[in-house]
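Notes follow the structure.
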Amino acid sequence: MIRRTQAMPSGSKPAAEYGELQRLVDELYAQGPSQAVSRMDALVRAEVDDLSEDLIEIIELLPAGSYHRGKLCDQLNSIITAHGWAYVYGTVE
0 MIRRTQAMPS GSKPAAEYGE LQRLVDELYA QGPSQAVSRM DALVRAEVDD LSEDLIEIIE
60 LLPAGSYHRG KLCDQLNSII TAHGWAYVYG TVE
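Using numbering that gives the first Met the number 0, read the sequence shown as starting at 0 and increasing by one per residue.
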């Protein structure tokens, strides 16, 4: 039996950074899930955590404003999904 293998298209497997956005969200709301954080808070935390350029780009695409956890997760997941990165970087909750 001959097995044919196909080259996987770019972005078709989880990246080494998979789950890092979830860790970022958990860190932002470590003091309490009901607190609000700003886009700038998220960006500074992402830079402190030394996230990859793609993950920083996701944070930079957030609209300016203040976010409770659910709203931030919805915004991030929308950005991640729109770029087709959900399988590569994961979504957040």
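The beta carbon of each residue, even a glycine, is placed where N, CA and C say it ideally should be.
Bear in mind that the values here come from a model prediction, so they are computed numbers and not experimental data.
Does the Cβ of residue i have 16 or more other Cβ atoms within 10 Å, making it buried, or fewer, making it exposed?
i: Asp73; result: exposed
i: Ile57; result: buried
i: Ala41; result: buried
i: Ala45; result: buried
With the cut-off set at 8 Å, would you say residue i and residue j are in Cβ contact?
i: Leu54; j: Ile78; result: no
i: Ala15; j: Tyr88; result: no
i: Val105; j: Val91; result: Since the first and last residues shown for the chain are 0 and 92, residue 105 lies out of range.
i: Leu71; j: Leu20; result: no
Identify the residues that DSSP records as bridge partners of residue i: which are they?
i: Tyr66; result: Val36
Between the Cα of residue i and those of the options, spot the shortest distance and give me the residue it belongs to.
i: Leu50; options: Gly18, Gln30, Gly31, Tyr28; result: Gly18
Count the CB pairs spanning the segment 57-73 and the segment 29-37 that are closer than 8 Å, and state whether there are at least three.
-> Short answer: they touch.
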